[in-house]
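Reading the sequence shown from the start, the letters are residues -18 to 225 in this note's numbering.
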Amino acid sequence: MQIIILPTAQDVANYAADRVADVVNTRHHPVLGLATGSTPIALYEQLVARYQANSLSFKHCVTFNLDEYIGIPGSHSQSYRAFMEHHLFGQIDVEASHTHVPLAASMNVAELEQSAKDYELAIQHAGGIDLQILGIGVNGHIGFNEPTSSFASRTRIKTLSESTVEANKRFFSDDEFQPHLALTMGIGTILDAKAVLLMATGKGKAGAVKAMIEGPLTSMCPASVLQQHEKATIVLDEEAASEL
Ligand code: GLP
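#1: Tell me whether phenylalanine 152 sits in a helix, a strand or coil according to DSSP, three-state version.
#2: Helix, strand or coil for glutamine 105, going by three-state DSSP, please let me know.
#3: Our contact map puts glycine 169 next to serine 134 with C-beta atoms below 8 Å; I'd like the distance itself, whole angstroms only.
#4: Within the same chain, show all residues whose beta-carbon is closer than 6 Å to that of isoleucine -15, passing over the 5 residues directly before and after it, in chain order.
#5: Give the secondary structure of aspartate 74 by DSSP, where H, G and I count as helix, E and B as strand, and everything else as coil.
#6: Just tell me which of Ser96, Phe153 and Val90 has its CA closest to the CA of methionine 166.
#7: Measure the C-alpha to C-alpha separation of valine 43 and glutamate 76 and round it to an integer number of angstroms.
#8: Of the choices Ala23, Lys139, Arg137 and Asn6, whose alpha-carbon is the least far from that of tyrosine -4?
#9: Which runs of the alpha helix (DSSP H) at least 4 residues long sit entirely within the segment 86 to 138? Give them in chain order.
#10: Just to confirm, is the Cβ distance from alanine 85 to glutamate 127 under 7 Å?
#11: Where do the ends of the alpha helix (DSSP H) carrying asparagine -5 lie?
#12: According to DSSP, simplified to helix, strand and coil, what is histidine 79?
#13: Over what stretch of residues does the beta strand (DSSP E) that includes valine 206 continue unbroken?
#14: Among the candidates Val5, Val4, Asn35 and Ala(-2), whose CA atom is the shortest distance from the CA of glutamine 27?
#15: Name the two residues that bound the continuous beta strand (DSSP E) containing glycine 14.
#16: Compute every distance between the C-beta of alanine 2 and the non-hydrogen atoms of the ligand GLP, then say whether any falls below 6 Å.
#17: What do you reckon, are the CB atoms on alanine -10 and threonine 182 nearer than 7 Å?
#18: Looking at the unbroken alpha helix (DSSP H) that takes in threonine 199, where does it start and where does it end?
#19: Closer than 6 Å to a non-hydrogen atom of the ligand PLP - does that hold for the CB of aspartate 48?
#20: Determine the direct distance from the alpha carbon of leucine 207 to that of phenylalanine 132, and round the result to whole angstroms.
#21: Just to confirm my understanding: we take valine 5, look at its own chain, exclude 5 residues before and 5 after, and list those with CB closer than 7 Å. What are they?
#22: Going by C-alpha to C-alpha distance, which of Thr7, Val82 and Gly18 sits closest to alanine 148?
#23: Within the segment 42 to 72, note down every full alpha helix (DSSP H) run reaching 4 residues or more, in order along the chain.
#24: Examine the ligand GLP and report whether any of its heavy atoms sits within less than 6 Å of the Cβ of serine 19.
Following this line, the structure appears as structure tokens:
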């Protein structure tokens, strides 16, 4: 695990954008693993700015997002598909058919299980993920792999923990259906990425960051599994690193 501590959240975003640009500029068919949440928004702003300045093109990129809520359509404003369209895909030159977010609008288990299998196959067909961007939940989750997730897990249905539902409540209005289930890449899927870059910013993440880096390897802190990835970089601002 390589740990990089930078002064501010903007420095973290700039560093992550450099890493993405490096993959995009050096591979014939770059495959990016992308994340949602508030943390990577500054990274996506950077990527859009570089595209607009003609210094970066995503024409040959294929992307795979980590996860999606179950039971809301991609057109719903809080779906992760809508998030990605808004913050990135709609503003760069990536081919729409090259962007993948798990298909999870159905509430039918057989359909969702098929969708999960198809997602794994699509990643394989693309040649695997070159660089997987990750955030971290306050309980140490990555993607929607909540505590106790198997380190061997593949894309599947997960029930969100109460703390995750609570943390994400701010995005839904009171009378709106808030999903408690998600389709998420598994920890095994994430570990298959050739390189992983986890971004964490702000004081609220300091406890999870400490558990991930200094704690034992345990499914109670899913992000601790990155201690075993050969090419994992953890990039933190000073606040997120404050308990190390
Ligand atoms: C969600 C996402 C995660 C993300 C986490 C933290 O649960 N599934 O991929 O890392 O939120 O989000 P934030 O960056 O908003 O703290």
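Quick reminder that beta carbons are idealized off the backbone N, C-alpha and C, glycines included.
According to the structure shown:
#1: helix
#2: helix
#3: 6 Å
#4: Val216
#5: coil
#6: Ser96
#7: 8 Å
#8: Ala23
#9: 90 to 106
#10: no
#11: -10 to 7
#12: helix
#13: First-last for valine 206: undefined, no H or E at that position.
#14: Ala(-2)
#15: 12 to 15
#16: no
#17: yes
#18: Careful: threonine 199 lies outside any alpha helix (DSSP H) and carries neither H nor E.
#19: By its list of ligands, the structure shown excludes the ligand PLP, since it contains just the ligand GLP.
#20: 10 Å
#21: Pro11, Leu37, Phe39 and Cys42
#22: Gly18
#23: 61 to 68
#24: yes
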